[in-house]
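As structure tokens, the structure follows; a few thoughts come after it.
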Amino acid sequence: MNQTQEAPLPDPQRRRLLGVCAGMGLDGAPAVSDAAALHIPLAVGEHVNRAFVVPLLQVLEQGGGWTWDLQFAPMGRVLALAERGQSLAFGLGRTAAREAVMGFSDPLFSSRIWPVMRRDRGLRLSSVEDLRGLTVCLARSMSYGAALDAAKGRDFQVEYADGDPMIRLRMLAAQRCDVALMSHRSADPWLLERRLRTAAGYTSLIEVGAVPLITEPVHVAGALGSPLLRYLPQINAALRRQHLAIQALVDSEL
């Protein structure tokens, strides 16, 4: 692990997650021996669902024969590390601004932006346009797709929080905003609603909208001109090689 890493993944946790992957039939043999394995620095948002993301990264390691040097950090730092060429970044969507300075892998999976409301408000939101005139709780330093990013501060007011979704839920419960936006890969709103209710301790207070406002692929990305971009073809090859195992994780309830 690099000395600059702020939250390295402990070896026991890596072993437990490898066991989970093995139990799901995801324990493919690495392409090269451990002694010859590459070490690729990868910055990951500190509030990601690690129960899903870490097995996904393990599957890519097994498909490509490298080892990730993981650094969990706030999204602002993840972006800064990638833009400075010090690390690749996990889970970024493509935007015009990012494409001007970054190269991207093939899609890892699709992420959906879901509206979360207080049930007593009776809001019915199905598109970005439906946010007009509302106050929306968003995560700072996160892109929500071109259409939604362009509408911020123009069509709706914004209350920012850090990347922890529980903070946005508390803001919603306190009526500091009309709707909080949450990202989740599942196409089933009830899966996200159940997770949020369990994590926040709320029961019938919140509800997740029936449809996502945005669906977009997420990628591994790195700075244009960075030597780290040479790893993107290998990452793309591992994505193709491991697509069935990756889809199994995406479809799981992890």
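With my numbering as the guide, the letters of the sequence shown map in order to residues -7 to 246. From the three backbone atoms N, C-alpha and C, an ideal C-beta is built for every residue, glycine too. The model shown is predicted, which means the values in this text are computed figures rather than measured ones.
Sequence-distant Cβ neighbours of Pro157 in its own chain, meaning closer than 6 Å and more than five residues away, are Met174. Remark: C-beta atoms of Val108 and Leu164 approach each other more closely than 8 Å. A Cβ-Cβ contact shorter than 8 Å links Thr127 with Cys169. The shortest CA-to-CA distance from Trp182 to any of Gly37, Val171, Ile198, Gln167 is the one to Ile198. Beyond the five residues adjoining it in sequence on each side, His39 comes within less than 6 Å, by CB distance, of Gly155, Asp156 in the same chain, given in chain order. If you draw a 10 Å sphere on the C-beta of Leu161, you find 16 or more other C-beta atoms in it, and that means buried. Contact between the stretch 79 to 87 and the stretch 116 to 124 is not established, with fewer than three Cβ pairs separated by less than 8 Å.
One thing to note: Val210 has its Cβ no nearer than 8 Å to the Cβ of Leu115. Secondary structure at Pro66: coil, using DSSP grouped into helix, strand and coil.
Beyond the five residues adjoining it in sequence on each side, Ser102 comes within less than 7 Å, by CB distance, of Arg177, Thr207, Glu208, Pro209 in the same chain, given in chain order.
In the DSSP assignment, Ala143 falls within the alpha helix (DSSP H) that extends over 138 to 143. About 6 Å separates the CB atoms of Ala215 and Ala74; that is less than 8 Å, so the two are in contact. Considering only Pro33, Glu53, Ala143, Val93, the residue with the shortest C-alpha distance to Phe64 is Pro33. For Ser218, the CB contacts under 7 Å within the same chain, skipping 5 residues up- and downstream, are Gly77 in chain order.
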